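Chains as they are written, first to last, in our numbering: chain A, 1 to 601; chain Y, 602 to 763; chain V, 764 to 859.
Think of the CB as a built atom: it goes at the ideal place given N, C-alpha and C, for glycine as much as any other residue.
Bear in mind the structure is a predicted one, so any value in this text is a computation, not a measurement.
The next block holds one structure in the form of structure tokens; read it before the comments.
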């Protein structure tokens, strides 16, 4: 126990070594890769649990140049411990699930190597005690996301989605780097303890600038408006990847980051307001889009964006422990929903909700797990989602009633799309062509585990919040009551909208155009493509043509052809003509004599 | 005074012969020119007082080498030099040669005291030198001539294998 | 002094012939011209020196070697002409 607590860097080392081993023996490992890869998340889980009690910090000097040394610091406080447990459990479930899901994929070993690498990066991010290590891990997490979204790289849409994800999060990363520069300038250090200690004494403008930069970085990773476009496209990756990275862990990294550097935000009310606004808009907007989706994974993607918006709103309201609580429950039920969707896809052969139906009869266990997740998502007691969402809405309501109302609306919509999707997929007549079958136990086992978590994790709320240093408010009946009522109403509406006759009904024109607009994400993607991507690409192309090809290639090739021509000139000296040689010699003699005469005079 | 005039005459003959050798296109004329040149050189040797040398020059060069050239030309049927009008190269060569002349003159001008004909360069004295102090060189010269003879024969005979 | 100039001019003139004439016989003739100029200079020095008799002997050596060289040169010329090569632009390769 104490060993685990005293060597927390193992959470990075073990999965890293596993990833390297798998990569080195990529043709050799075969089926064993899954079991080897499990060592990573299990290490995270063990260290996380062991560290829940107390805090360990330390540093490793990994480069020493004379007086100065490059120190990498690690720190396992309560926040880090909680994150380690979350990542460990979810990653382990995903890895076990993938044994069945990715069984026939020829990239099996590469898959587990990448998952291990991701686990290592995430662990590094969580225990980092200085901004440099954190940023390195942050980037590595992004790189793994890129590699995993584009796992089936031969598919052009997958490669495109991976690129898009990388580009959009890059915008956030640039902001984060800028924030780091600001902090460095203001405090002379990048060590978290030092920087956060001085947060209170920095000039307001400086702190606010730094906080906003960090916020932008978090918005990129956590897919908040307007940096959210990459997440729906990221569904091109394998579904277990979506469960791990784009539901439970990587996208939560943004929330974690803000929690980590909370003293900055505590001193910068403007940044908090921005977080609140962004989070609320995202929560509400994404919920409407989720309602209009036809692909089960896209529903879940937009749902994730929306739920992350809830977390950001909580952060903006100043209640970061509450945001972390919701992060934990969300990790459980969203990973559950994604993996269940994976089971559905595996069993029914399709992702399109219009081709599903009646799956509850054919895949009962999967359906039960899904329903557990959906109930938690909708925030219906006593599922865990109810408790955490309630805390979120309560704290937001304190900070800003308008935002609170918006979040209520978003909660209603959440219940609506959850119910709608449930009915479309699992109930009613089967609209699919081939009959569906239930999934193997390797896929069902993790589902059951996560389902249990999705239902009972509400109980960890109080201890979690106090571990993180906040008091949990007792359940305020008005808010909780309103929330439940809204959830039930929303669910009922959503359920109704999914009735079989509804599909055949002609929608009115307004509804139809609204639905279409919502389906496309209210045009944000198209807007960005037109006004940001295209001009930038045009500039890049122009620079390439003029700067690179004209100038630099011109110079490089010019030098080469010059050398060639000079060489050709010199070659003519060797002409084979005796009289030419004699003439050259005579010239030499003349010059020699002239020189001698000149020197002697 | 007359020696100077004589000198100038001989110099003119020599230069004229050299010019013909350089510039004419017909081989026969070139031979004549070479002959004139060699005669001029012999005369200049004599003007300086080196009688033996002048005669040896006449025998060996005019009588031997020149006849050899004549033989070569007539036996091989070479009677004119096809030549393009002055190539760029020729102009360059002329420049180089002019430069060489100037350079040589400049280099050597301090070293040559004024000289004129000397008297008393008799055959006896030359023989004393050749067979006395310069005997090794004399013998070697003989060997060289022999080697040249053999070489010329070898070159002309061999080489039918192609 | 003037003999110096004369000798140098002759040598330079002979060099011009060597460089620019295209027929091999002409080149050989030009070489003879150069030799003549050089030995003229030698003679002029000898005449001004202490032992002109030895100088005459020296000049005789030059003459002998020059004649040998002419003979060998003609022999080479003959063997080349036998292969049909009698101009300078035909003898660029070292072969045969």
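Nonlocal neighbours in the same chain, by C-beta distance under 6 Å from residue 744 of chain Y, ignoring five residues either side:
Taking the second chain and counting its residues from 1, one reaches residue 744 of chain Y at position 143. Result list for residue 744 of chain Y: empty, nothing under 6 Å.
If you drop the 5 nearest sequence neighbours on each side, which residues of the same chain put their C-beta closer than 6 Å to that of residue 281 of chain A?
In the first chain, counting from the first residue as 1, residue 281 of chain A sits at position 281. The residues are 225.
When you check each C-beta in the region 554-579 of chain A against every C-beta of chain Y, which residues fall closer than 7 Å?
none
Unbroken beta strand (DSSP E) runs of length 3 or more, entirely within the region 255-300 of chain A: which are they?
none
Just to confirm, is the Cβ distance from residue 196 of chain A to residue 190 of chain A under 8 Å?
By 1-based counting over the first chain, the position of residue 196 of chain A is 196. By 1-based counting over the first chain, the position of residue 190 of chain A is 190. The answer is no: Cβ separation not under 8 Å.
Just to confirm, is the Cβ distance from residue 376 of chain A to residue 384 of chain A under 8 Å?
Residue numbering aside, residue 376 of chain A sits at position 376 when the first chain is read from its first letter. Residue numbering aside, residue 384 of chain A sits at position 384 when the first chain is read from its first letter. In contact: residue 376 of chain A and residue 384 of chain A (Cβ atoms closer than 8 Å).
So residue 335 of chain A and residue 450 of chain A are in contact, right, with Cβ under 8 Å, and what is the actual spacing, rounded?
Against the first chain, residue 335 of chain A aligns to sequence position 335. Against the first chain, residue 450 of chain A aligns to sequence position 450. Right, their Cβ atoms sit about 6 Å apart.
Using 8 Å as the threshold, is the C-beta distance between residue 276 of chain A and residue 217 of chain A below it?
Translated into the one-based positions of the first chain, residue 276 of chain A becomes position 276. Translated into the one-based positions of the first chain, residue 217 of chain A becomes position 217. No, these two residues do not count as a Cβ contact at 8 Å.
Three-state secondary structure assigned by DSSP to residue 627 of chain Y:
Your numbering for residue 627 of chain Y matches position 26 in the second chain. If DSSP states are grouped into helix, strand and coil, residue 627 of chain Y belongs with the strands.
From the DSSP output, in three-state form, read off residue 191 of chain A for me.
Within the first chain, the letter at position 191 stands for residue 191 of chain A. The answer is strand: DSSP assigns residue 191 of chain A an E or B state.
Name the chain V residues that come within less than 8 Å of residue 586 of chain A, Cβ to Cβ?
Taking the first chain and counting its residues from 1, one reaches residue 586 of chain A at position 586. Going along chain V in sequence order, the residues near residue 586 of chain A (Cβ under 8 Å) are 778 and 782.
Can you round the beta-carbon distance between residue 313 of chain A and residue 261 of chain A to whole angstroms, since I take them to be within the 8 Å contact cut?
Position 313 of the first chain, counted from the start, is the residue given in the question as residue 313 of chain A. Position 261 of the first chain, counted from the start, is the residue given in the question as residue 261 of chain A. That belief does not hold up - the Cβ atoms of residue 313 of chain A and residue 261 of chain A are roughly 18 Å apart, past 8 Å.
Check whether residue 840 of chain V and residue 673 of chain Y have beta carbons under 8 Å apart:
Taking the first residue of the third chain as 1, we reach residue 840 of chain V at position 77. Taking the first residue of the second chain as 1, we reach residue 673 of chain Y at position 72. Yes. Within cutoff.
In terms of residues, what are the limits of the alpha helix (DSSP H) holding residue 389 of chain A?
Reading the first chain from its first residue, position 389 is the one you call residue 389 of chain A. Element bounds for residue 389 of chain A: 384-399.
Looking at C-beta atoms only, is the number of pairs between the region 603-610 of chain Y and the region 589-599 of chain A that lie closer than 8 Å three or more?
no
According to a CB-to-CB cut-off of less than 7 Å, which residues of the region 793-812 of chain V neighbour chain D?
Protein chains in the displayed structure are A, Y and V, and chain D is not among them.
The alpha helix (DSSP H) with residue 138 of chain A in it runs from where to where?
Translated into the one-based positions of the first chain, residue 138 of chain A becomes position 138. Run containing residue 138 of chain A: 131-149, per the alpha helix (DSSP H) assignment.
I want to verify the contact list: residues of chain V whose CB lies under 7 Å from the CB of residue 757 of chain Y, in sequence order.
Here the question's residue 757 of chain Y lines up with position 156 in the second chain. Ordered by position in chain V, the residues that pass the 7 Å Cβ test against residue 757 of chain Y are 838, 841 and 842.
Since residue 654 of chain Y and residue 770 of chain V should fall inside the 8 Å C-beta cutoff, what is the C-beta to C-beta distance between them, to a whole number of angstroms?
Counting from 1 along the second chain, the entry for residue 654 of chain Y is found at position 53. Counting from 1 along the third chain, the entry for residue 770 of chain V is found at position 7. 15 Å between Cβ atoms; not a contact.
With a threshold of 16 other CB atoms inside 10 Å of the CB of residue 763 of chain Y, please say whether the residue is buried or exposed.
Residue 763 of chain Y sits at position 162 when you count from the first residue of the second chain. Because the pLDDT of residue 763 of chain Y is 47, which lies under 50, any placement of that residue in the model is unreliable, and the number read from its coordinates should be weighed accordingly. Looking at its Cβ environment, which holds fewer than 16 other Cβ atoms inside 10 Å, residue 763 of chain Y is exposed.
Could you tell me which chain A residues have their CB closer than 7 Å to the CB of residue 773 of chain V, listed as they occur along the chain?
Here residue 773 of chain V refers to the residue found at position 10 when the third chain is read from its first residue. What residue 773 of chain V touches in chain A: nothing, since even the nearest Cβ is about 15 Å away.
Are the region 242-254 of chain A and the region 285-294 of chain A in contact at 8 Å, needing three or more beta carbon pairs?
no
Contained alpha helix (DSSP H) runs [length at least 4] in the region 171-216 of chain A, N- to C-terminal order
192-197
Give me the chain V residues within the contact set of residue 650 of chain Y, using Cβ-Cβ distance strictly less than 8 Å, ordered along the chain.
The sequence position of residue 650 of chain Y within the second chain is 49, counting from 1. Per Cβ cutoff of 8 Å: 810 and 815.
Any contact of the region 265-274 of chain A with the region 103-117 of chain A, i.e. 3+ C-beta pairs under 8 Å?
no
Note down, one range per segment and in chain order, each beta strand (DSSP E) of at least 3 residues found wholly within the region 645-672 of chain Y.
none
Contact with chain A by residue 707 of chain Y, beta-carbon distance below 8 Å
Within the second chain, numbered from 1, the residue matching residue 707 of chain Y stands at position 106. Taking Cβ atoms only, chain A reaches closer than 8 Å to residue 707 of chain Y, which makes this a yes.
When DSSP builds the beta bridges, which residues end up paired with residue 850 of chain V?
Residue mapping note: residue 850 of chain V aligns to position 87 of the third chain, counting from 1. DSSP, once it has assigned bridges, lists V:786 as partnering residue 850 of chain V.
For a test of the three-state rule: what should DSSP assign to residue 105 of chain A, helix, strand or coil?
By 1-based counting over the first chain, the position of residue 105 of chain A is 105. Three-state DSSP puts residue 105 of chain A in coil, outside helix and strand.
Rounded to whole angstroms, what is the Cα-Cα separation between residue 800 of chain V and residue 773 of chain V?
Here residue 800 of chain V refers to the residue found at position 37 of the third chain. Here residue 773 of chain V refers to the residue found at position 10 of the third chain. Answer to the nearest angstrom: the Cα atoms are 5 Å apart.
Same chain, Cβ closer than 7 Å to residue 642 of chain Y, neighbours up to 5 away in sequence not counted
The residue labelled residue 642 of chain Y in the question sits at position 41 within the second chain. Here the set comprises 615 and 658.
So, does the CB of residue 763 of chain Y fall closer than 8 Å to a CB anywhere in chain A?
On the second chain, residue 763 of chain Y is found 162 positions in, with the first residue counted as 1. Per-residue confidence for residue 763 of chain Y stands at a pLDDT of 47, beneath the threshold of 50, marking its modelled position as unreliable; no derived number is given.
Nearest neighbour of residue 828 of chain V, chosen from V:819, V:798 and V:785 [CA to CA]:
Here the question's residue 828 of chain V lines up with position 65 in the third chain. Among V:819, V:798 and V:785, the Cα nearest to that of residue 828 of chain V is on V:798.
Whole-angstrom Cβ separation of residue 325 of chain A and residue 461 of chain A, contact assumed at under 8 Å?
Walking along the first chain from the start, residue 325 of chain A turns up at place 325. Walking along the first chain from the start, residue 461 of chain A turns up at place 461. Residue 325 of chain A to residue 461 of chain A, Cβ: 6 Å. Contact.
Using a C-beta to C-beta distance shorter than 8 Å, which residues of chain A count as neighbours of residue 697 of chain Y?
For the purposes of this step, residue 697 of chain Y is taken as residue 96 along the second chain, with counting starting at 1. 583, 586, 587 and 590, listed in chain order.
Are the beta-carbon atoms belonging to residue 406 of chain A and residue 318 of chain A less than 8 Å from one another?
In the first chain, counting from the first residue as 1, residue 406 of chain A sits at position 406. In the first chain, counting from the first residue as 1, residue 318 of chain A sits at position 318. No, these two residues do not count as a Cβ contact at 8 Å.
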